[in-house]
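First to last, the sequence lines map onto chains E and X.
Okay, so the first sequence: first residue is 3 according to this note's numbering, each after it adds one.
Okay, so the second sequence: first residue is 1004 according to this note's numbering, each after it adds one.
Note that CB positions come from ideal geometry on N, CA and C, so glycine has one too.
Given the structure is predicted, the values throughout are model-derived calculations rather than measurements.
Since the structure comes first, as structure tokens, the remarks are kept for the end.
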Amino acid sequence: MLDVVQQYWPYLLFGSYPNGPLGGFTMTLVIAIVSLVLTFPSAVLVALARTSEVRVLEHAAFLFVTIVRGIPLLMLIFWVYFFLPVALGTPISPFWSLILAIVVFQTAYLSEVLRAAIEALPKGQTEAALSLGLSYFPRIWKVTLPQALYNSIPGILNQFTSMIKETSLGYVLAVEELTYAANKVNNFILVKPFSVFALLALTYFAVCFTLTQLVRLLEARIENRFTRVAAA
Amino acid sequence: MNVALDFTAILNDQYLHYFVTGIQNTIALFVLTWLVAFPLAVLLTVIRSSGIRPLSWLIALYVEYHRNVPLLVQLLFWYFGISSLFPDGLNDFINQHNTEFIFALLALVLYTAAYMSEDMRSGLRAISKTQFEAARAMGFGFVQTMTYAILPQVWRLSLPPLVNQTLILFKGTSLAASIGVAELTFQARQIESITFRVFESFFVVSLLYLAGSLTLMFAGSWLAQRYKLRTR
């Protein structure tokens, strides 16, 4: 395994950059981060729609979440990659197809995380805001969201870990991320499939395991804050 | 969008058998995986809670590996990597019996069992210590305590996450397409590339997935109602 690392680490880490397109592990991170940045606002909107009192919005959000939850991500990727260009009349690069599919998919899941956080807030918060005469938007913006988002930091990070794992599906569209790079290296060496794929699995493990441990720490911290507030 | 939709172009005698094979393979993969993974998960949970040190560490490692590495990478690792270490006799045997299906099954079983055992473990931790002590006081041994007192409660507590995991497994079978198992997603791509009917083919397959997922969701909420813990 070490000789694979020694020989191919620049390719696995950066792809052919700076002499060619960016790829490898850096690309995996880029895709995951761009996806998270785009998913976050849309998930907040869907979560707000689901907790709003406007029936139509509530139902539309519920329908969206249910449908996305019922379809495999791979199917969604194929929709975006093969069908969207036909519908729009312009080609979409595999890179953006993958990101778009992950964004749609994760919007459904992240919105559920945020919804749970919004619904977990004590009712008194909303009532206090109402009695202060705050209308809907100031109430959401200044009272509900700051608390709900803070409490859902572990949940958001959890979804980010899922996103990192989901970027591996870029392999199917030949997006040059880590899994694709590893497969290419494997096709190049041919005789060491075990080492190459073990290295691949180990890399994902190192990153995602670190993140999940971080989530555990944060969870404990946020829970502590809660009990402190409750005790005070 | 100026695409004339024509479902009869794919839902006819010529292509219908693609869908049928796809459904059969998806269901076979899903049901077989569940039937093996669930008992395995129970076994892992019980062993881990028995407190035998090296064993429970090994299981913890097993669970963390499967939770922190993308399912696609696990599939590729088994298919390309680990299989290269198998003795020739075993590989010959597998190659004579639907190679891709066996490796997909193997990867999915191990993945699902890891998640399910984690779900059950958190159910197990939620059960108060007095339950164990009471069973002990009645003269039950470890196995009896587990089967008569603890597992029936764990089952009820961990039912919702188990249903969720079952849903994830159902959708996860789609990834088997990437190593060439002729399940639904794979067949959708086949039909699409033969007929160029992108929308129709993906639409039919998405509907099939959605039907499966919704059935699982409804069955899950029915079960959760039926087996709710009523003692608290």
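Worksheet entry | Distance between residue 211 of chain E and residue 1185 of chain X (C-alpha atoms, nearest Å) | Rounded to whole angstroms, the separation of the alpha carbons of residue 211 of chain E and residue 1185 of chain X is 33 Å.
Short of 8 Å Cβ to Cβ, which residues in the stretch 1197-1209 of chain X face chain E? For the stretch 1197-1209 of chain X, the beta-carbon criterion of a distance under 8 Å to any beta-carbon of chain E is satisfied by 1201, 1202, 1205, 1208 and 1209.
- Message: Check for me: the alpha helix (DSSP H) holding residue 1052 of chain X runs from which residue to which?
- Response: DSSP places residue 1052 of chain X inside the alpha helix (DSSP H), whose first and last residues are 1016-1052.
Residue-chain proximity (residue 17 of chain E, chain X), Cβ-Cβ < 8 Å
Among the CB atoms of chain X, none fall inside 8 Å of the CB of residue 17 of chain E.
### Endpoints, alpha helix (DSSP H) assigned at residue 1224 of chain X
Looking at the DSSP string, the run of the alpha helix (DSSP H) that includes residue 1224 of chain X is 1201-1229.
Practice problem: Quick one: grab the DSSP three-state call for residue 24 of chain E. | Solution: The three-state secondary structure of residue 24 of chain E, taken from DSSP, is strand.
Requested in this report: From the DSSP output, read off the bridge partner residues of residue 179 of chain E.
Outcome: According to the DSSP secondary-structure assignment, residue 179 of chain E is paired through a beta bridge with E:26.
Going by DSSP in three states, residue 1144 of chain X sits in which element: helix, strand or coil?
Looking at residue 1144 of chain X - three-state DSSP - the assignment turns out to be coil, as it is neither helix nor strand.
(request) Please confirm whether residue 105 of chain E and residue 44 of chain E have their CB atoms less than 8 Å apart. (result) Result yes, Cβ atoms of residue 105 of chain E and residue 44 of chain E sit closer than 8 Å.
- [ ] Buried or exposed for residue 205 of chain E, please, with buried defined as at least 16 other CB atoms from any protein chain shown within 10 angstroms of its CB.
- [x] Taking every protein chain shown into account, the CB of residue 205 of chain E has 16 or more other CB atoms within 10 angstroms, so this residue is buried.
To the nearest angstrom, how far is it from the Cα of residue 110 of chain E to the Cα of residue 182 of chain E? Spanning the two alpha carbons is a distance of roughly 26 Å.
Taking Cβ positions only, does residue 1222 of chain X come closer than 8 Å to chain E? At a cut-off of 8 Å between C-beta atoms, residue 1222 of chain X does not count as an interface residue with respect to chain E.
### Cross-chain neighbours of residue 1076 of chain X in chain E, by beta carbon under 7 Å
Correct list: 170, 181, 202, 203 and 206.
Task: residue 139 of chain E: first and last residue of the uninterrupted alpha helix (DSSP H) it sits in - done: It spans 138-141 - the alpha helix (DSSP H) in which residue 139 of chain E sits, taken as one unbroken run.
**Q.** Assigned secondary structure, residue 1084 of chain X (DSSP; H/G/I helix, E/B strand, else coil)
**A.** Helix.
Which of helix, strand or coil does DSSP assign to residue 126 of chain E?
DSSP places residue 126 of chain E in the helix class (H, G or I) of the three-state scheme.
(Q) Counting only C-beta atoms, is residue 217 of chain E closer than 8 Å to chain X at any point? (A) No - not a single Cβ of chain X is within 8 Å of the one on residue 217 of chain E.
Is the number of C-beta pairs between the stretch 1097-1115 of chain X and the stretch 216-231 of chain E that are closer than 8 Å three or more? No: the two stretches stay apart, fewer than three of their Cβ pairs being nearer than 8 Å.
Quiz item: For residue 1056 of chain X, is the classification buried or exposed, using 16 other Cβ atoms within 10 angstroms of its Cβ as the cut-off for buried?
Solution: Exposed is the call here.
**Prompt:** To the nearest angstrom, how far is it from the Cα of residue 77 of chain E to the Cα of residue 1168 of chain X?
**Reply:** Cα-Cα distance, rounded: 19 Å.
**Message:** Would you say the beta carbon of residue 1099 of chain X is closer than 7 Å to some non-hydrogen atom of the ligand FAD?
**Reply:** Among the components of this structure there are no ligands whatsoever, and the ligand FAD is therefore not found.
Which residue marks the beginning of the alpha helix (DSSP H) containing residue 1233 of chain X, and which one marks its end? That residue, residue 1233 of chain X, is in no alpha helix (DSSP H); it is neither H nor E in DSSP.
Does any residue of chain E bring its CB to less than 8 Å from the CB of residue 1102 of chain X?
No, no contact with chain E.
#### Entry: Proximal residues of chain X, C-beta to C-beta of residue 214 of chain E below 9 Å
By Cβ distance, chain X contributes 1067, 1070 and 1071.
Review point. Applying the criterion that 16 or more other CB atoms from any shown protein chain within 10 Å of the CB defines a buried residue, is residue 1166 of chain X buried or exposed?
Key: Buried is the call here.
- prompt: Can you list the residues of chain E that residue 1055 of chain X reaches, using a CB-CB cut of under 9 Å?
  reply: At a C-beta separation below 9 Å, residue 1055 of chain X has no neighbours in chain E, since its nearest C-beta there lies roughly 24 Å away.
- Query: Using 8 Å as the threshold, is the stretch 1011-1028 of chain X in touch with the stretch 1189-1197 of chain X, meaning 3 or more CB pairs across them?
  - Reply: Contact between the stretch 1011-1028 of chain X and the stretch 1189-1197 of chain X is present, because at least three Cβ pairs lie under 8 Å.
Bounding residues of the alpha helix (DSSP H) (the contiguous stretch that carries residue 169 of chain E) | Element bounds for residue 169 of chain E: n/a, residue is neither H nor E.
| request: Answer yes or no: do residue 172 of chain E and residue 73 of chain E have a C-beta to C-beta separation smaller than 8 Å? | output: In terms of Cβ geometry, residue 172 of chain E and residue 73 of chain E do not form a close pair [threshold 8 Å].
Measure the Cβ-Cβ separation of residue 209 of chain E and residue 158 of chain E and say whether it is below 8 Å. Against a cut-off of 8 Å, the Cβ pair of residue 158 of chain E and residue 209 of chain E comes out as no contact.
Cutting at 6 Å between CB atoms, please list the residues of its own chain near residue 1118 of chain X, excluding the five before and the five after it. If you ignore the 5 residues before and after residue 1118 of chain X, its C-beta comes within less than 6 Å of the C-beta of 1168, all in its own chain and listed in chain order.
### Which of helix, strand or coil DSSP assigns to residue 1092 of chain X
In this structure, residue 1092 of chain X counts as helix in the three-state DSSP scheme.
Exercise for review: Measuring alpha carbon to alpha carbon, tell me which of X:1226, X:1229, X:1157 and X:1075 ends up nearest residue 1172 of chain X.
Suggested key: That would be X:1075, whose Cα lies nearest to the Cα of residue 1172 of chain X.
Runs of 4 residues minimum, wholly inside the stretch 48-108 of chain E: which ones carry the alpha helix (DSSP H) assignment? Runs found: 57-71, 75-80 and 86-90.
Going by Cα to Cα distance, which pick from X:1078, X:1133, X:1086 and X:1089 is closest to residue 1107 of chain X? Residue 1107 of chain X has its Cα closest to that of X:1078, out of X:1078, X:1133, X:1086 and X:1089.
| task | Indicate whether the contact test is met: 3 or more Cβ pairs, each with one atom in the stretch 180-197 of chain E and one in the stretch 23-38 of chain E, closer than 8 Å. | result | Result yes; three or more Cβ-Cβ pairs closer than 8 Å.
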